[in-house]
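Data block below; observations after.
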Amino acid sequence: MRARRWLPAVGLALGAAAPALAADDEVRFGGFAQSETAYTYSGDEHWSKFRNLLGVNAEGAFNESLSWKFSGWAYYDPVYDSSDYYPADVREDQRHEVLLRETYADLSAGDWDFRFGRQNIVWGEMVGLFFADVVSARDLREFVAQDFDRIRIPQWAARAEYFKEDMHAEFVWIPKMSYDEIGKPGDCFHCGADFYPYPPQIPGFGYRVGQESKPNGGSDDMAYGLRLSYLLNGWDVSGFYYRSMDAAPAFSRQIVLESSGPTLLYTPDHQRIQQWGTTFAKDLDGVVFRGEAIYTQGRRFDVLRLSDADGLEAKNYLDYVLSLDYSLENDARLNLQAFQRYYVQYDQAMIPDRLESGVSVYYSTKAWDNRLEPEITLIHSLNRNDWMLRPRLTWNISQDLKASFGVDVFHGPPEGLFGRYTDADRVYGELRYSF
């Protein structure tokens, strides 16, 4: 795809940037080897990660109009072999995996560009949370406590882009969707994966989460969308429509009688939603001002009312976020965000308030000839004392080798976005070699 000044820059999925290939260039190879370790120190202390990850990529061109890319990851984590802290379903899910990442063919034809294959389609650019980035599926087995290029799961898609002066149109068709990876629940409340998004527990009832029910990929499960962008007087403005199965599961509830008594049986499943959105961005004398707004129709939410047949209510709601991004001295960066969610349709039995508000702060800088890069992220609810704090230090040992150290802290009430993971606070380290 051609680089356009108003398009988000999407790097290689494997983190090793490379220039576009000319038609007579040979195939280019790259990748990385990375080792990650984490120790959870709140709740039941335990080693929670020792992942060893290998990523490889290759890209080339058949001619000036047709090019291709392949990328894949494979990892093994011995924590899930050497310890019985986690139940069997969690160990099986997170012990090892082979992943096909961005792998596609690009075709250029005049004002049109086409991409076919497994690809990231990025429509939003906010820090720390997802708003207008509605097409991507997400790997949430570590919640949002990792880089977005690790969280995003590429979609199998056909994408057509049309460029005309300051206008850009994008058409997306996804015949078989990828869905969020949320981990495994174990066989009781909060005894599964560290970041499993457990539905609510109700006093007086047993609790069990069943097998996730994912769509079979038939014609009724396809996704499609349209995005239009325009550059006007320095304002990069876009609008989009996207219709899909919900990549995030809702937890359908049944009350069943078991030998231990009445039990809440939850089944994660997916139904169809629609989303309309807009984004804008402008550089204001070195400060980038961004905004995103997304109206979602038909997403289902938990309700605590026992008389509700499945414990879910489909609601329409509006998300919106404003961001200021400052470039400071010493290659420092400061990002400030304010965001809200307003439920157009609301039920008093829902867990969140009708209007949910929050703010975030991100700051990074460089020191010691750019070898050290400290950064910190704070995301905080304004409705309750619910927050996530992520300080991190990266040491660029050489051009190809770097080490990172950090802490992930979650605090809040059990029903909070971050407070539900208050027993998952952890320290971690990473060592990465790029080739």
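Heads up: the sequence shown runs through residues -22 to -1, 1 to 413, numbered per mature numbering (1 follows the signal peptide of the UniProt record, and there is no 0). C-beta: ideal position from N, C-alpha, C; glycine also. Keep in mind the model is a prediction, meaning the values are calculated, not measured.
| query | result |
| --- | --- |
| Span of the alpha helix (DSSP H) around I129 | F126 to I129 |
| Burial state of L204 (16 or more Cβ within 10 Å) | exposed |
| Cβ neighbour criterion (16 or more within 10 Å) applied to M145 | exposed |
| Sheet register partners of G50 (DSSP bridge) | V34 and L78 |
| Start and end residues, beta strand (DSSP E) containing A135 | Q133 to K142 |
| Other residues of its chain near L312: CB distance less than 7 Å, five sequence neighbours each side excluded | Y304, L306 and Y341 |
| DSSP state of D111 mapped onto helix, strand, coil | coil |
| CB of S207 within 9 Å of CB of D199, strictly | no |
| Any 3 or more C-beta pairs closer than 8 Å across the stretch 117 to 136 and the stretch 161 to 174 | yes |
| DSSP state of G184 mapped onto helix, strand, coil | strand |
| Cα-Cα separation, Y411 to D347 | 20 Å |
| Nonlocal neighbours in the same chain, by C-beta distance under 6 Å from V76, ignoring five residues either side | A52 |
| Proximity of A225 and D247 at Cβ, strictly below 9 Å | no |
| DSSP beta-bridge partners of V266 | D261 and D303 |
| Buried or exposed (CB count within 10 angstroms, at least 16 for buried), D111 | buried |
| Cut-off 6 Å between Cβ atoms - residues of its own chain near G407, not counting five sequence neighbours on either side | T15 and F383 |
| Minimum length 3: unbroken beta strand (DSSP E) runs contained in the stretch 211 to 241 | 213 to 223 and 228 to 236 |
| Distance between R278 and S359 (C-alpha atoms, nearest Å) | 22 Å |
| Per DSSP, cross-strand counterpart(s) of D67 | None, per the DSSP bridge assignment. |
| Whole-angstrom distance between Y273 and R362, CA atom to CA atom | 24 Å |
| Burial state of T280, where buried means 16 or more other Cβ atoms lie within 10 Å | The sequence as given places Asp at residue 280; Thr does not occur at that position. Counting Cβ neighbours within 10 Å, D280 comes out buried, since at least 16 surround it. |
| Same chain, Cβ closer than 8 Å to N374, five either side skipped, listed in chain order | N348, R349, L350, E351 and K380 |
| Anticipated Cβ contact below 8 Å, M155 with S222, distance rounded | 6 Å |
| Length of the line joining the Cα atoms of V113 and Y220 | 8 Å |
| DSSP state of D22 mapped onto helix, strand, coil | coil |
| Rounded C-alpha distance that separates Q189 from R130 | 23 Å |
| Contact check, F388 vs L107, beta carbons under 9 Å | no |
| With 16 other Cβ atoms within 10 Å as the buried cut-off, status of A(-1) | Because the pLDDT of A(-1) is 47, which lies under 50, any placement of that residue in the model is unreliable, and the number read from its coordinates should be weighed accordingly. A(-1) comes out exposed. |
| Those residues which DSSP pairs with Q12 across a bridge | L31 and R410 |
| Helix, strand or coil at T400 according to DSSP, with G and I counted as helix | helix |
| Sequence-distant residues of the same chain with beta carbon closer than 7 Å to A138, five excluded per side | W90, F92 and F149 |
| Own chain, CB closer than 7 Å to V322, minus 5 neighbours either side, in chain order | N294, Y295 and L296 |
| Residue span of the alpha helix (DSSP H) that contains D91, given as start and end | From DSSP, D91 is part of no alpha helix (DSSP H) but of the beta strand (DSSP E) over W90 to Q97. |
| Boundaries (first-last residue) of the beta strand (DSSP E) holding D386 | L379 to H389 |
| Where D261 falls, given that 16 or more other Cβ within 10 Å makes a residue buried | exposed |
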